[in-house]
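What follows is a set of notes on a single structure, which appears directly below.
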Amino acid sequence: MEQYSQAIELIKKGELQEAISHLNKVIAQDDKNVGAFYHRSVARYKMKAFDGAIADINKAIDLQPLNADLFAHRGIILHMQKHSKRALLDFDKAQQLEPDNPYRYSSRAFIKAHIKDVEGAIADYEKAIELDPEDAIAHNNLGIIHEQQGYKDKAQESYDKSNALVGYEGLNPERSDVSDLLDEWKKEKQEQEEHQRKLIQEREALQKIQQENNTENGYWGIVKSVFTNKAVFKEFIDFIKNGFKLPSQNDKS
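For our numbering, count along the sequence shown from 1 and bump the result up by 15.
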């Protein structure tokens with residue numbers, strides 16, 4: 016299992032090709048290792064090798080057909096390949112396998128909103144909130160949809176609930192353009208991460224991490240993370256509250 020554990024750590028560090036090499040050895044020894052196929056799919060997905068990522072997650076699903084996380088992961092890959100309607104089938108399956116998991120509804124709602132199934136997205140966000148009333152992201156995203164539909168009062172109600180849950184009183188009216196805020200946050204985050212990487216990695220390893228950064232930190236990656244991941248959403252709000260500055264690495268230690 017040492018190869019497997021090392022592979023997971025390498026994925027976290029962004030050393031994706033090396034992680035895949037370790038996972039290849041694990042799979043050669045045990046071709047029924049669901050975790051190895053899943054994590055190799057994750058590594059390939061981060062490298063934008065989507066066909067390989069799909070092949071691996073398909074194998075993982077064949078081995079463990081009742082694992083909701085596997086279907087959700089395949090749905091993400093399909094969505095990134097612009098097969099959102101096919102992706103929705105996987106999010107449906109994940110929800111069916113875990114009907115009491117609020118995240119299954121909020122993640123599916125994100126896809127439904129993308130394909131303009133507004134009513135379906137609203138229903139899923141409302142169900143997610145019913146199951147987890149403290150899901151700030153679901154409240155926020157529901158507000159976005161209401162605002163797009165012209166329901167400003169409903170939108171503000173959802174925004175107020177989201178802001179209250181993360182301890183934030185609202186955007187500065189003079190800087191209310193979320194796209195600009197995302198761009199500014201993305202720029203500083205990239206600069207901070209670049210500095211940190213230079214302290215940790217050199218030469219070839221640095222190039223690999225930069226490749227992952229290009230994959231994950233594009234505008235779509237930032238938007239998806241901010242509005243689907245609670246931890247990232249909280250970091251984004253803290254960034255705004257802190258005068259559009261991220262905490263220094265020393266602050267995090």
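For glycine and all other residues, C-beta sits at the position ideal for the given N, C-alpha and C.
Requested in this report: Measuring alpha carbon to alpha carbon, tell me which of D107, L31 and K97 ends up nearest A124.
Outcome: Position 109 of the sequence shown, counted from the start, is the residue given in the question as residue 124. Ranked by how close their Cα comes to the Cα of A124, the residues D107, L31 and K97 have D107 in first place.
Query raised in the report: Alpha carbon to alpha carbon, how far is L25 from Q32?
Result: Position 10 of the sequence shown, counted from the first residue, corresponds to residue 25. Position 17 of the sequence shown, counted from the first residue, corresponds to residue 32. Their backbone Cα atoms lie some 9 Å apart in a straight line.
Report task. In the DSSP assignment, find the alpha helix (DSSP H) that holds I144 and state where it starts and stops. Result -> The residue labelled residue 144 in the question sits at position 129 within the sequence shown. Looking at the DSSP string, the run of the alpha helix (DSSP H) that includes I144 is V133 to L146.
Query raised in the report: How is the alpha helix (DSSP H) around L38 delimited, first residue to last?
Result: The residue you call residue 38 lines up with position 23 of the sequence shown. First-last of the alpha helix (DSSP H) with L38: L31 to Q44.
Query raised in the report: By how many angstroms is the C-alpha of D168 removed from the C-alpha of I92?
Result: On the sequence shown, residue 92 is found 77 positions in, with the first residue counted as 1. On the sequence shown, residue 168 is found 153 positions in, with the first residue counted as 1. So the two alpha carbons sit approximately 35 Å from each other.
Query - Where M95 sits in the DSSP three-state scheme - result: If you number the sequence shown from 1, residue 95 lands on position 80. In the three-state DSSP reduction, M95 falls in the helix class (H, G or I).
Query raised in the report: Between F30 and Q21, what straight-line distance do the alpha-carbon atoms span, to the nearest angstrom?
Result: For the purposes of this step, residue 30 is taken as residue 15 along the sequence shown, with counting starting at 1. For the purposes of this step, residue 21 is taken as residue 6 along the sequence shown, with counting starting at 1. Here residue 30 turns out to be Glu, not Phe, going by the sequence shown. Each residue's alpha carbon lies about 11 Å from the other.
Report task. Might you give, ordered along the chain, the residues of its own chain that have their beta carbon closer than 8 Å to the beta carbon of K47, omitting 5 neighbours on each side? Result -> Reading the sequence shown from its first residue, position 32 is the one you call residue 47. Excluding positions up to five away in sequence, the list reads L78.
Query raised in the report: Given a threshold of 16 other Cβ atoms within 10 Å of its Cβ, counted over all protein chains shown, does P114 qualify as buried or as exposed?
Result: Reading the sequence shown from its first residue, position 99 is the one you call residue 114. The residue is exposed, with fewer than 16 neighbouring Cβ atoms inside 10 Å.
Query - Rounded straight-line distance, which links the Cα of A68 to that of K28 - result: Translated into the one-based positions of the sequence shown, residue 28 becomes position 13. Translated into the one-based positions of the sequence shown, residue 68 becomes position 53. Going by the C-alpha atoms only, they are around 19 Å apart.
Requested in this report: Would you identify the three-state DSSP class for I130, choosing helix, strand or coil?
Outcome: Reading the sequence shown from its first residue, position 115 is the one you call residue 130. It is coil, neither helix nor strand.
Requested in this report: Tell me whether G182 sits in a helix, a strand or coil according to DSSP, three-state version.
Outcome: For the purposes of this step, residue 182 is taken as the residue at position 167 of the sequence shown. In the structure shown, G182 sits in coil (DSSP, three-state: anything other than H, G, I, E or B).
Requested in this report: Indicate whether A83 and A102 have their beta-carbon atoms separated by less than 8 Å.
Outcome: Taking the sequence shown and counting its residues from 1, one reaches residue 83 at position 68. Taking the sequence shown and counting its residues from 1, one reaches residue 102 at position 87. Not closer than 8 Å, so no.
Query raised in the report: Thinking C-alpha only, which one of I23, L85, E203 and Q44 is nearest A58?
Result: Counting from 1 along the sequence shown, the entry for residue 58 is found at position 43. Per the Cα distances, I23.
Query raised in the report: How far does the alpha helix (DSSP H) with L78 in it reach, from first residue to last?
Result: Locating residue 78 in the sequence shown gives position 63, where the first residue counts as 1. It spans F65 to L78 - the alpha helix (DSSP H) in which L78 sits, taken as one unbroken run.
Requested in this report: With a 10 Å radius around its C-beta and 16 neighbouring C-beta atoms as the bar for buried, classify G182 as buried or exposed.
Outcome: Here residue 182 corresponds to residue number 167 of the sequence shown, with the count starting at 1. Under this definition G182 is an exposed residue.
Query - K142 burial status per 10 Å Cβ neighbour count (16 or more: buried) - result: Position 127 of the sequence shown holds residue 142. With 16 or more other Cβ atoms inside 10 Å of its own Cβ, K142 counts as buried.
Requested in this report: Let me know the secondary structure DSSP gives P117 once reduced to three states.
Outcome: Within the sequence shown, numbered from 1, the residue matching residue 117 stands at position 102. P117 falls in the helix class under three-state DSSP.
Query raised in the report: Who are the near neighbours of R105 in its chain, counting only those whose CB is closer than 6 Å to its CB and skipping five residues on each side?
Result: Residue 105 sits at position 90 when you count from the first residue of the sequence shown. Before going further, note that residue 105 is Asp rather than Arg in the sequence given. Answer for D105: F86, R89 and G90, listed in chain order.
Report task. Please state whether DSSP places Y234 in a helix, a strand or coil. Result -> Position 219 of the sequence shown holds residue 234. Below a pLDDT of 50, predicted positions are generally treated as unreliable, and Y234, at 49, falls in that range; the measurement from the model is reported next regardless. Taken through DSSP and simplified to helix, strand or coil, Y234 comes out as helix.
Query - Of the residues D150, S36 and M95, the one placed nearest I126, counting alpha carbons only - result: Within the sequence shown, the letter at position 111 stands for residue 126. Nearest neighbour of I126 by Cα position, chosen from D150, S36 and M95, turns out to be M95.
Report task. Rounded to whole angstroms, what's the CA-CA distance from K61 to K97? Just pull it up for me. Result -> Against the sequence shown, residue 61 aligns to sequence position 46. Against the sequence shown, residue 97 aligns to sequence position 82. Between K61 and K97, the C-alpha separation is close to 16 Å.
Report task. Please report how far the alpha carbon of Y174 lies from the alpha carbon of I130, in whole angstroms. Result -> Position 159 of the sequence shown, counted from the start, is the residue given in the question as residue 174. Position 115 of the sequence shown, counted from the start, is the residue given in the question as residue 130. Answer to the nearest angstrom: the Cα atoms are 23 Å apart.
Query raised in the report: From I152 to D139, what distance separates their C-alpha atoms?
Result: For the purposes of this step, residue 152 is identified with residue 137 of the sequence shown, where counting begins at 1. For the purposes of this step, residue 139 is identified with residue 124 of the sequence shown, where counting begins at 1. Between I152 and D139, the C-alpha separation is close to 13 Å.
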